[in-house]
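A.B. asks: The sequence shown begins at 1 in the working numbering and counts up one residue at a time. Glycine included, each C-beta is placed from N, C-alpha and C at the ideal position.
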Amino acid sequence: MSAEAVPSPCILVCTLEADVCLGCGRTLGEIGEWSSASPARQRAIVAAAAARREARRPPPPVR
């Protein structure tokens, strides 16, 4: 991996719901684009995927 390379966010939990992977948070399009995307685009994909995963996270229980 080069100094610029961005590690794939894939965690091998490949289950799609509404075209979004429940494991990594990427869309089907982003998954397909990953290997040809520039490092800058890969970082943008990682950020968008993290935001999607966070949005799906259930709220903490009320105590």
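Considering only residues of the same chain and omitting the five flanking positions on each side of R56, which have a CB-CB separation below 6 angstroms?
C.D. replies: Answer for R56: no residue qualifies.
A.B. asks: Pick from E17, I11, A48, G29: whose alpha carbon is nearest that of G23?
C.D. replies: Among E17, I11, A48, G29, the Cα nearest to that of G23 belongs to I11.
A.B. asks: Would you mind stating whether A49 and G25 have Cβ atoms separated by less than 8 angstroms?
C.D. replies: Closer than 8 angstroms, so yes.
A.B. asks: Please report the straight-line C-alpha distance between A18 and R63, rounded to a whole angstrom.
C.D. replies: About 32 angstroms.
A.B. asks: Between the alpha carbons of S36 and V20, how many angstroms are there, rounded?
C.D. replies: Their Cα atoms are separated by approximately 19 angstroms.
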